[in-house]
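Undergrad:
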Amino acid sequence: MAWQYQIRTRICNTNKLRTILITGCAGFIGYNLALSILSGNSKYKLIGIDNLNNLTGLKIKRDRLKNLIKFKNFSYYKISITDFKKFEEIFKNFNISIVINFAALAGVRNSNIFPKKYFDSNVNGFYNAIFLAKKYKVKKFIYASSSSVYGDVAVFPTHEKISITTQKSFYAMTKNINEILSTYISSETKMKIIGLRFFTVYGEYGRPDMFLKNIVSAIIEKKTFNIYAFGKHERDFTYIGDVVKILNYILFKKSKSLKNSLIYNIGSGRKIQLMDLINIIEDNLSMKGKFKFIKRQKGDVLKTHSNNNLIQKDYKKINFTDIKKGIKNYVKWHKNYYY
Ligand SMILES: NC(=O)c1ccc[n+]([C@@H]2O[C@H](COP(=O)([O-])OP(=O)(O)OC[C@H]3O[C@@H](n4cnc5c(N)ncnc54)[C@H](O)[C@@H]3O)[C@@H](O)[C@H]2O)c1
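Note that our numbering gives residue 1179 to position 233 of the sequence shown, counting from 1, and the numbers run on in steps of one.
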């Protein structure tokens, strides 16, 4: 079936609502944020763009979009942020006040296999997004970085001021370039620029290429699942509901520390070892998994654990969702969506 929501190149803007642009709107985090804005804040018109690539699941991206296009103040355009001309049409035709750039090729392991593709979307595409936002005098530019920029740092919980030296994956390197470019551009513009280092976000409508989806499916389907780093990985898992709440603060409230540009850790501040997480999943499914323990893969970071004091100081104390509750919500959604 030909995809029905094709780009319209001539768009007439008669709408007086303030406009937010989300790139990567069909993706996991972009979708959940878009849904919360559309459900809660009718003062804004939302433009979503996404190229619907297959790397992080095409069916789920279409399903997410189907939910978004039900809202009358949402418009979707199938554009790649690497296509400067088509991307600029959006800025010419809408009076965009906030840009949220979440479009990127996500995932560490694939980035070492397809570095050129990652460079195009994550670096060239990112440049187009921030350049156009500056050119069209957008007020706020929010973008996704990643906890992976920290590599194998030795300081836990890791705070934003720690110096970042070498990257463990091509993906992390692209995100590090975004941060450097943003800091540079912030000296040339009044636009407020906010980078977000996400720590393993999970939850409903999560990415099908991520650990959580794959392990839950493997246990349900009684398949053997490979556990890397012999199960010693530790991760700061951050529930999507909390991420969306924080993103709403960043979008609509004033930050105490923000002058020109700023980077926040977006993490729960709690770490969990993989085998403990697997126990929680097994309890929720009332099933035991079959595992093969193997060594750490190239590019994988052994441990992540965020210090989230800065975001809580600047906005509000956040009661992060307990992992047991978050996993319960996820497993319920997973069974309903996939089976
Ligand atoms: N999910 C996490 O745990 C996590 C952790 C760290 C960083 N991030 C970053 O957060 C952002 C959102 O992540 P996500 O988990 O929602 O990933 P996702 O893959 O679900 O969403 C990204 C979306 O961007 C789109 N996209 C990719 N390249 C594009 C291009 N050139 N033009 C237009 N659209 C394009 C994809 O089709 C996808 O729908 C990404 O930048 C990712 O790198 C996510």
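All residues carry an ideal CB built from backbone N, CA and C; glycine is no exception.
Model, not experiment: these values are computed from the prediction.
Along the alpha helix (DSSP H) that carries LYS1086, what are the first and last residues, could you check?
TA: Locating residue 1086 in the sequence shown gives position 140, counting from the first residue. It is not in any alpha helix (DSSP H) - LYS1086 instead sits in the beta strand (DSSP E) that spans 1086-1092.
Undergrad: Can ALA980 be considered in contact with ligand 1, in the sense that its beta carbon sits closer than 7 Å to one or more heavy atoms?
TA: Numbered from 1 along the sequence shown, position 34 holds the residue referred to as residue 980. No, the Cβ of ALA980 stays beyond 7 Å of every heavy atom of ligand 1.
Undergrad: Express the C-alpha separation of SER1203 and TYR1284 in angstroms, rounding to a whole number.
TA: Indexing the sequence shown from 1 puts residue 1284 at position 338. Indexing the sequence shown from 1 puts residue 1203 at position 257. Going from the Cα of TYR1284 to the Cα of SER1203 covers about 43 Å.
Undergrad: For the alpha helix (DSSP H) containing GLY976, list its first residue and its last residue.
TA: For the purposes of this step, residue 976 is taken as residue 30 along the sequence shown, with counting starting at 1. Here the alpha helix (DSSP H) through GLY976 covers 974-986.
Undergrad: With hydrogens ignored, establish whether the beta-carbon of ILE1209 is closer than 7 Å to any heavy atom of ligand 1.
TA: The count along the sequence shown starts at 1 and reaches residue 1209 at position 263. No, Cβ of ILE1209 sits at least 7 Å from all heavy atoms of ligand 1.
Undergrad: Looking at ILE1027 and THR965, is the spacing between their C-beta atoms short of 8 Å?
TA: Stepping through the sequence shown from its first residue, residue 965 is reached at position 19. Stepping through the sequence shown from its first residue, residue 1027 is reached at position 81. No, these two residues do not count as a Cβ contact at 8 Å.
Undergrad: With a threshold of 8 Å on Cβ separation, who are the neighbours of SER1133 within its own chain once the five nearest residues in sequence on each side are excluded?
TA: One-based indexing of the sequence shown puts residue 1133 at position 187. Closer than 8 Å at the Cβ level, and outside the excluded window around SER1133, lie ASN1206.
Undergrad: With respect to the beta strand (DSSP E) encompassing LEU967, which residues constitute its N-terminal and C-terminal limits?
TA: In the sequence shown, the residue the question calls residue 967 occupies position 21. Residues 964-969.
Undergrad: Looking only at its chain, what residues have a beta carbon closer than 6 Å to the beta carbon of ARG1153, apart from the 5 residues adjacent to it on each side?
TA: Your numbering for residue 1153 matches position 207 in the sequence shown. Taken in chain order, the residues that qualify are PHE974, THR1002.
Undergrad: Less than 8 Å separating the beta-carbons of ILE1186 and GLY1245?
TA: The residue given as residue 1186 occupies position 240 in the sequence shown. The residue given as residue 1245 occupies position 299 in the sequence shown. Not a contact, by the Cβ cut-off of 8 Å.
Undergrad: I'd like to check one pair, VAL1054 with THR1120: are the Cβ atoms closer than 8 Å?
TA: Residue mapping note: residue 1120 aligns to position 174 of the sequence shown, counting from 1. Residue mapping note: residue 1054 aligns to position 108 of the sequence shown, counting from 1. Against a cut-off of 8 Å, the Cβ pair of VAL1054 and THR1120 comes out as no contact.
Undergrad: Please confirm if the segment 1043-1053 is in contact with the segment 1095-1111, defined as three or more CB-CB distances below 8 Å between the two stretches.
TA: Taking 8 Å as the limit for Cβ pairs, the verdict is that the segment 1095-1111 does not touch the segment 1043-1053.
Undergrad: Regarding ASP1246 and ligand 1, is the C-beta to nearest heavy atom distance less than 7 Å?
TA: If you number the sequence shown from 1, residue 1246 lands on position 300. Because no heavy atom of ligand 1 lies under 7 Å away, the Cβ of ASP1246 does not count as near it: no.
Undergrad: To the nearest angstrom, report how far apart HIS887 and VAL1190 are at their CA atoms.
TA: Not covered by the structure: residue 887. The range shown for the chain is 947 to 1285.
Undergrad: Is LYS1031 near ligand 1, with its Cβ less than 7 Å from a heavy atom?
TA: As a position in the sequence shown, residue 1031 is number 85, starting the count at 1. Answer for LYS1031: no, Cβ out of range of ligand 1.
Undergrad: Have a look at ASN1172 and PHE1237 and give me their C-alpha separation to the nearest angstrom.
TA: The residue given as residue 1172 occupies position 226 in the sequence shown. The residue given as residue 1237 occupies position 291 in the sequence shown. The alpha-carbon atoms of ASN1172 and PHE1237 are separated by roughly 6 Å.
Undergrad: Assign THR1112 to buried or exposed, taking buried as 16 or more other Cβ atoms, counted over all protein chains shown, within 10 Å of its Cβ.
TA: Taking the sequence shown and counting its residues from 1, the one referred to as residue 1112 is at position 166. Classification of THR1112: exposed, given that the 10 Å Cβ count is below 16.
Undergrad: Under the DSSP definition of a beta bridge, which residues are partnered with ILE1141?
TA: Start at 1 with the first residue of the sequence shown, and residue 1141 comes out as number 195. As written in the sequence, residue 1141 is Gly, which differs from the Ile given in the question. For GLY1141, which the question treats as bridged, DSSP gives the partners TYR1089, ILE1209.
Undergrad: How many angstroms separate the CA atom of TYR1117 from the CA atom of TYR1064?
TA: For the purposes of this step, residue 1117 is taken as residue 171 along the sequence shown, with counting starting at 1. For the purposes of this step, residue 1064 is taken as residue 118 along the sequence shown, with counting starting at 1. Answer to the nearest angstrom: the Cα atoms are 7 Å apart.
Undergrad: Determine the DSSP secondary structure at VAL1045, reduced to helix, strand or coil.
TA: The count along the sequence shown starts at 1 and reaches residue 1045 at position 99. Here VAL1045 sits in strand by DSSP.
Undergrad: Within its chain, find whatever has a CB closer than 7 Å to the CB of LEU992; leave out the 5 residues flanking it on each side and keep chain order.
TA: Here residue 992 corresponds to residue number 46 of the sequence shown, with the count starting at 1. Correct list, in chain order: ILE966, ILE968, ALA980, ILE983, LEU984, ASN1019, PHE1020.
Undergrad: Looking at C-alpha atoms only, which residue of TYR1261, HIS1179, LYS1262 is the closest neighbour of ASP1222?
TA: On the sequence shown, position 276 is the one that residue 1222 refers to. The shortest Cα separation from ASP1222 among TYR1261, HIS1179, LYS1262 belongs to HIS1179.
Undergrad: GLY906 lies in the beta strand (DSSP E); which residues open and close that run?
TA: Outside the shown range of the chain, which is 947 to 1285, sits residue 906, and nothing can be said about it.
Undergrad: Between which two residues does the alpha helix (DSSP H) carrying ASN1122 extend?
TA: For the purposes of this step, residue 1122 is taken as the residue at position 176 of the sequence shown. Per DSSP, ASN1122 belongs to the alpha helix (DSSP H) from 1116-1132.
Undergrad: Can you list, in chain order, the residues of its chain with a C-beta nearer than 7 Å to that of ASN1265? Leave out the 5 residues immediately preceding and following it.
TA: In the sequence shown, residue 1265 corresponds to position 319, counting from 1. Contacts found: none.
Undergrad: Using 8 Å for Cβ pairs, my map puts SER1115 next to ASN1047. What's the rounded Cβ distance?
TA: Mapped onto the sequence shown, residue 1115 falls at position 169. Mapped onto the sequence shown, residue 1047 falls at position 101. Not quite, the Cβ-Cβ distance comes to about 20 Å (not below 8 Å), so this is no contact.
Undergrad: Nearest to LYS1083 by alpha carbon, out of ILE1139, ILE1166, ARG1008?
TA: The residue given as residue 1083 occupies position 137 in the sequence shown. The shortest Cα separation from LYS1083 among ILE1139, ILE1166, ARG1008 belongs to ILE1139.
Undergrad: Restricting to Cα atoms, I'd like to know which of ILE1212, ILE1006, THR1250 is closest to LEU1142.
TA: Position 196 of the sequence shown, counted from the start, is the residue given in the question as residue 1142. That would be ILE1212, whose Cα lies nearest to the Cα of LEU1142.
Undergrad: Return the chain-ordered list of same chain residues with a C-beta closer than 6 Å to the C-beta of LEU1014, the five sequence neighbours on each side being excluded.
TA: On the sequence shown, residue 1014 is found 68 positions in, with the first residue counted as 1. Only ALA980, PHE1020 meet the Cβ criterion.
Undergrad: Just to check my reading of the structure: LEU1127 and ILE1044 have Cβ atoms closer than 8 Å, yes? What is that Cβ distance to the nearest angstrom?
TA: Against the sequence shown, residue 1127 aligns to sequence position 181. Against the sequence shown, residue 1044 aligns to sequence position 98. Actually they do not touch by this definition, with Cβ atoms about 19 Å apart.
Undergrad: Taking C-beta to C-beta, are ARG1008 and TYR977 nearer than 8 Å?
TA: In the sequence shown, the residue the question calls residue 1008 occupies position 62. In the sequence shown, the residue the question calls residue 977 occupies position 31. Cβ atoms of ARG1008 and TYR977: not closer than 8 Å.
Undergrad: In angstroms, rounded to a whole number, what distance separates the CA positions of LYS1274 and LEU1231?
TA: Sequence index remark: in the sequence shown, residue 1274 carries index 328 (1-based). Sequence index remark: in the sequence shown, residue 1231 carries index 285 (1-based). Those two C-alpha atoms are separated by around 9 Å.
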